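Accompanying notes for the structure given below.
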Amino acid sequence: MTTSTTMTIRLDPQLKAKLGRLADGTRRSRSFLAAEAVETYVDRELAIIEGIERGLADVQAGRTVSHEDAMASLRQVIDAAADNAA
Numbered sequence: 012m013t014t015s016t017t018m019t020i021r022l023d024p025q026l027k028a029k030l031g032r033l034a035d036g037t038r039r040s041r042s043f044l045a046a047e048a049v050e051t052y053v054d055r056e057l058a059i060i061e062g063i064e065r066g067l068a069d070v071q072a073g074r075t076v077s078h079e080d081a082m083a084s085l086r087q088v089i090d091a092a093a094d095n096a097a
């Protein structure tokens with residue numbers, strides 16, 4: 012059995028009404044839908060923060076490529092694809 016905890020939030024009355032319509036339409040509780048929305052948001056935001064942290068670690072460790080080198084590599088790939096298409 013899963014455990015949960017209670018948290019109180021304030022919603023704009025229009026948003027609460029929309030949540031109620033969604034709950035009615037999906038046969039889910041407003042609480043279930045709100046918890047699902049918060050979980051999705053938190054997971055997405057944490058993934059963004061973790062990606063930024065990985066990027067910063069790469070910069071600190073010198074695992075980077077200059078913009079000029081990256082663009083040169085892309086140009087080579089594009090040119091090779093154009094040559095193969097011709």
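The sequence shown begins at 12 in our numbering and counts up by one.
All C-beta atoms in this analysis are idealised placements derived from N, C-alpha and C, irrespective of residue type, glycine included.
It should be emphasised that the depicted structure is a prediction, and the values quoted were computed from it without experimental measurement.
Contact check for Leu26 and Leu44: beta-carbon distance about 12 Å, past the 8 Å limit, so the pair fails to qualify. In the same chain as Ala34, and ignoring 5 residues on each side of it, the C-beta atoms closer than 7 Å to its own belong to Ser40, Arg41 and Leu44, in chain order. Per DSSP, Met18 lies in no alpha helix (DSSP H) and is assigned neither H nor E.
According to the DSSP assignment, Ser77 belongs to no alpha helix (DSSP H), since it is labelled neither H nor E.
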